[in-house]
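Since the structure comes first, as structure tokens, the remarks are kept for the end.
Numbering (our numbering), first residue to last: 329 to 720.
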């Protein structure tokens, strides 16, 4: 049996009894199409693939409603993680039938699984771009918002959310997804409102918990951040955003050793996320591990050579090592890309002999995270205790 179809033993026991009853009825009335569909759904729900496959085969052989049985077959193939077969079936159904939201949703879902969020967006747009007063299927709401999030269409996603939220047309799960989008759009107040409303309505999805943890972190509520992260990581223990937020929480607590471990885990899970590498680099700097910090900042540089803070961070490394020419060149590049680069300012202060002590390093990190987005998207206000500003 596929793991994705497995159920608890108690649920299976009750479900199996119901399936046996339905099979008995079907044995007495084998031409009953609706009853056969009920048998399939029950078998599917308890993970009895053998019975589910039998109903598909007979349903197709009888030929009374082949499209309905092809759709059920596609649904089963998705549960079995045989996505290419499912996609082929759904594509044929889409060509043969009138447009149906369920077919579009399943095709979009398969596209999202392979990281093709543009196709996901295109499949769902006809159903999601309706008049805001019209109902949109709950599963389409969440997948639509996720596609917008991955495509960085944050403004459109929040506009879509606001329109439907005002009319009470937004599901709690969709609010949860939107709350994380609001975090990345630097709208912490809206993120908190959406996440709290989703939680109050019974949604404790990953996005809701991550957004609420990020808000708690921005509010310096480390206990709250840990609480939400514990729930989120119970759901997805290998989620990079969970680990990055945990690392930032530990940095706020000045538990730098633990923060480094969490951020290293996050970087391994999200190797293409620049913010995570920067957070790890700064944690290593505060821990006085210059070599590890350089490796983290160089990893960030490989992802985007036009991000000024990466050049500024490497300038700090060079300045601390007394490599003046290299530091000056990196400062030039950093300020050319971002005239307000805080890391470049700190590197210049080190070169000028104005500061190089751990407290001022912590202050530079405080300033950087106060005005730049951390991996969760939140401004890291008051990341560290207040210290005198460095000279620039």
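C-beta: ideal position from N, C-alpha, C; glycine also.
From the options, residue whose alpha carbon lies closest to that of residue i
{"i": "residue 643", "options": "649, 632, 655", "result": "655"}
{"i": "residue 404", "options": "374, 424, 389", "result": "374"}
{"i": "residue 616", "options": "473, 669, 588", "result": "588"}
{"i": "residue 562", "options": "577, 542, 578, 532", "result": "532"}
{"i": "residue 676", "options": "647, 667, 651, 564", "result": "647"}
{"i": "residue 391", "options": "360, 378, 376", "result": "360"}
{"i": "residue 442", "options": "478, 422, 420, 467", "result": "478"}
{"i": "residue 584", "options": "607, 596, 351", "result": "607"}
{"i": "residue 342", "options": "653, 371, 650", "result": "371"}
{"i": "residue 572", "options": "594, 555, 565, 413", "result": "594"}
Pairwise C-alpha distance: residue j and residue i
{"i": "residue 636", "j": "residue 512", "result": "20 Å"}
{"i": "residue 602", "j": "residue 540", "result": "22 Å"}
{"i": "residue 425", "j": "residue 389", "result": "20 Å"}
{"i": "residue 625", "j": "residue 551", "result": "29 Å"}
{"i": "residue 366", "j": "residue 453", "result": "32 Å"}
{"i": "residue 553", "j": "residue 420", "result": "47 Å"}
{"i": "residue 451", "j": "residue 681", "result": "59 Å"}
{"i": "residue 679", "j": "residue 664", "result": "18 Å"}
{"i": "residue 546", "j": "residue 576", "result": "10 Å"}
{"i": "residue 652", "j": "residue 564", "result": "45 Å"}
{"i": "residue 669", "j": "residue 591", "result": "23 Å"}
{"i": "residue 284", "j": "residue 566", "result": "Nothing can be reported for residue 284, as the shown portion of the chain is limited to 329 through 720."}
{"i": "residue 489", "j": "residue 506", "result": "7 Å"}
{"i": "residue 474", "j": "residue 522", "result": "15 Å"}
{"i": "residue 469", "j": "residue 463", "result": "10 Å"}
{"i": "residue 520", "j": "residue 481", "result": "20 Å"}
{"i": "residue 549", "j": "residue 504", "result": "20 Å"}
Neighbourhood of residue i by C-beta, 7 Å cutoff - its chain only, sequence neighbours within 5 removed
{"i": "residue 621", "result": "609, 612, 613, 645"}
{"i": "residue 586", "result": "578"}
{"i": "residue 401", "result": "384, 417"}
{"i": "residue 345", "result": "none"}
Contacts around residue i, its chain only, beta-carbon distance under 8 Å, and the 5 residues preceding and following it disregarded
{"i": "residue 524", "result": "540"}
{"i": "residue 461", "result": "495, 497"}
6 Å CB neighbourhood of residue i in its chain, flanking five on each side removed
{"i": "residue 483", "result": "none"}
{"i": "residue 598", "result": "568, 604"}
{"i": "residue 440", "result": "448"}
{"i": "residue 472", "result": "452, 456"}
Original post:
Taking one C-beta from the segment 615-632 and one from the segment 655-670 each time, how about it: are there three or more such pairs within less than 8 Å?
Top reply: By the C-beta criterion, the segment 615-632 is judged not to be in contact with the segment 655-670, since fewer than 3 inter-stretch pairs fall below 8 Å.
**OP:** Quick one: which unbroken alpha helix (DSSP H) runs of 4-plus residues sit fully inside the segment 411-498? Chain order, please.
**Re:** Contiguous alpha helix (DSSP H) elements confined to the segment 411-498 occur at 411-424, 429-441, 445-456, 466-478, 482-494, taking only those with 4 or more residues.
Original post:
Would you say the segment 487-495 touches the segment 426-441, given that touching needs at least three Cβ pairs under 8 Å?
Top reply: no
Original post:
In the segment 536-575, which residue ranges form an unbroken alpha helix (DSSP H) of at least 4 residues, counting only runs that do not cross its ends?
Top reply: Here the runs fully enclosed are 550-563.
Subject >> In chain order, each alpha helix (DSSP H) run of at least 4 residues that lies wholly inside the segment 596-621 >> reply: 602-614
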